[in-house]
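**Q** Sequential numbering of the sequence shown, starting at 2, is according to my numbering.
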Amino acid sequence: MQVRAVTFSVLLLLMLTFAAIAQEEGLSLSVELDGLGEILLERTSGDQIETTQLLLKKPGGMRQVIDSYNGLLPTDLIKHDLDADGSPELIALLRHPDGIDVIMHIYRTDTDFKKIFPENENENNPLICREVFVSTHGNQPAVCTRHLVAYHDFGPPELYRLEFYQLQKDHLVLAQQGFTEGNHFNILMNRGAQAFHSGQYLEALDYYNQAISSSTGEISSRAFIESLFYLAESHKYLKDFKSALELYQKIVLEFSQNPFTNDAQREAELISQNLEHPEALSFYIEVNNHINCDRWETALELLQKNPMGNADGPLLDRMLFIRAEVLTALNRVEESIEVYHTIQQKFPASPIIDDVNAALEDMQEKPEETDGL
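1. Residues in the same chain with beta-carbon distance under 6 Å from Phe9, minus the five sequence neighbours each way, listed in chain order, please.
2. Distance check for Ala359 and Ile50, CA to CA, integer angstroms please.
3. So, is Ile101 buried or exposed, given that buried needs 16 or more other C-beta atoms within 10 angstroms?
4. Which residues in the same chain as Ile353 place their Cβ atom closer than 7 Å to its Cβ, once the five residues preceding and following it in sequence are excluded?
5. If I follow the unbroken beta strand (DSSP E) through Phe165, where does it start and stop?
6. Please name the residue in Lys243, Asn121, Thr343 whose C-alpha comes closest to that of Leu271.
7. On the criterion of 16 or more Cβ atoms from any shown chain inside 10 Å, does Ala85 qualify as buried, or is it exposed?
8. What's the call for Thr279, buried or exposed, on a 16-neighbour Cβ count within 10 Å?
9. Looking at the unbroken beta strand (DSSP E) that takes in Gln141, where does it start and where does it end?
10. Please look up how many angstroms separate the CB atoms of Leu128 and Thr146, rounded, as I've assumed it's under 8 Å.
11. Would Ala151 and Asn184 qualify as a contact pair, given that the criterion is a beta-carbon distance under 8 Å?
12. Between which residues of its own chain and Cys130 is the CB-CB distance below 7 Å, once the five residues before and five after are set aside?
13. Assuming the contact rule is C-beta atoms closer than 8 Å, Leu331 and Tyr285 should be a hit. Round their C-beta distance to whole Å, please.
14. Give a yes or no on whether the C-beta atoms belonging to His406 and Ala281 are separated by under 8 Å.
15. Please give me, in chain order, every unbroken run of the beta strand (DSSP E) with length at least 3 that falls completely inside the stretch 100 to 136.
16. By Cβ distance, which residues of its chain are closer than 7 Å to Glu33, with the 5 residues on each side in sequence left out?
17. Between Arg223 and Asn259, what straight-line distance do the alpha-carbon atoms span, to the nearest angstrom?
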């Protein structure tokens with residue numbers, strides 16, 4: 002009797018498992034549209050590629066394909082009148098099989114399911130985020146997207162950027178953006194990082210200082226050192242070299258066993274060795290500031306047009322090195338390799354020669370013979 006009970010339990014578990022798998026394989030979401038029929042966001046199978054289709058199931062069972070998404074899985078299907086014109090829009094949310102972030106597509110339902118967003122079929126979807134939901138802004142409907150901000154990883158709690166978009170004449174327009182609140186050091190550090198990578202260094206200093214003196218409890222030692230380093234970096238980009246140097250040296254002297262020690266040592270040496278050349282040091286930091294903010298073209302223009310970007314001097318090896326980095330980022334690889342070779346020839350004893358050699362090795366490495374087989 003006991004054996005039968007165990008056997009039945011095993012069979013029941015297997016049946017539930019197979020049912021769950023079957024449901025997952027045929028995952029389908031649906032909403033009803035008055036006068037049109039049922040809209041389905043449905044996973045399909047074919048050629049071992051995950052595919053999802055947006056379908057209109059008309060009365061009587063006929064199906065019309067509205068759109069297809071190769072390599073993506075259905076996550077949610079939302080019906081809402083986003084522009085308050087009396088006709089609802091459809092929001093199809095999808096995700097990559099290996100990820101949790103969602104990708105949004107928006108359609109009209111009154112003009113043969115015209116796609117509103119993204120507007121250009123050939124462009125990458127600019128709104129890949131952690132969550133999408135419908136809210137209001139200024140008493141009007143709004144699509145709210147929630148984006149994880151994770152420059153630092155000491156949570157939870159995490160920091161999220163919230164963006165509110167409104168539909169205006171078939172265009173999705175950003176109406177407002179902000180951040181989730183909190184005084185945990187992970188949230189404060191990420192607010193600092195967001196400001197830092199936007200070039201708002203005074204704001205970054207404020208948030209990192211708040212993180213160090215966080216009211217939610219003692220900051221962890223790893224987070225404390227990381228905050229110190231970015232305090233130093235912010236002072237450096239503000240060209241407050243004295244304060245930056247003190248913080249770099251504090252990391253080197255007091256926290257020798259941590260991932261930021263070597264970087265702090267290099268930055269301290271850079272500043273201390275070039276304090277007698279303030280104009281060149283300031284220019285070098287200015288170029289790096291543009292790189293920090295992803296303004297690669299501007300950085301290259303400065304290096305090419307300003308005489309200090311090419312003049313012989315104590316920082317020429319570093320000027321050439323960042324020029325090579327910028328050229329690589331702009332996919333001008335052959336030019337970048339030439340610049341790295343110039344550094345090798347002119348500055349074989351440079352403190353950055355190991356970085357130069359490593360960059361060249363990575364760029365010139367030949368693929369294995371078995372690659373692609």
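Glycine included, every Cβ here is placed at the ideal spot set by N, Cα and C.
**A** Result, derived from the coordinates:
1. For Phe9, the pLDDT reaches just 40, beneath the cut-off of 50, and the residue's location in the model is therefore unreliable, although a value from the coordinates is still provided. Cβ within range, chain order: n/a, list empty.
2. If you draw a straight line from the Cα of Ile50 to the Cα of Ala359, it is about 38 Å long.
3. Taking every protein chain shown into account, the CB of Ile101 has fewer than 16 other CB atoms within 10 angstroms, so this residue is exposed.
4. Once the five neighbours on either side are set aside, the close Cβ partners of Ile353 are Asp318, Arg319, Phe322.
5. 160 to 169 is the extent of the beta strand (DSSP E) around Phe165.
6. When only C-alpha atoms are compared, the closest one is Lys243.
7. Around the C-beta of Ala85, fewer than 16 other C-beta atoms lie within 10 Å, and the residue is accordingly described as exposed.
8. Reading the sequence as shown, one finds Pro at residue 279 and not Thr. The Cβ neighbour count for Pro279, taken over all protein chains shown within 10 Å, is under 16; the residue is labelled exposed.
9. Note, Gln141: beta strand (DSSP E), 141 to 150.
10. Sure, about 6 Å apart at Cβ, within 8 Å.
11. Not closer than 8 Å, so no.
12. Result list for Cys130: Asp102, Val103, Thr146, Arg147, His148, in chain order.
13. So it is not a contact: roughly 19 Å between Cβ atoms.
14. Examination of residue 406 is not possible in this model, given that the chain is present from 2 through 374 alone.
15. Secondary structure within the stretch 100 to 136: the beta strand (DSSP E) runs of 3 or more consecutive residues, fully enclosed, are 103 to 109, 116 to 118 (chain order).
16. The beta carbon of Glu33 sits closer than 7 Å to those of Glu39, all from its chain and outside the five residues before and after it, given in chain order.
17. C-alpha separation (whole angstroms): 8 Å.
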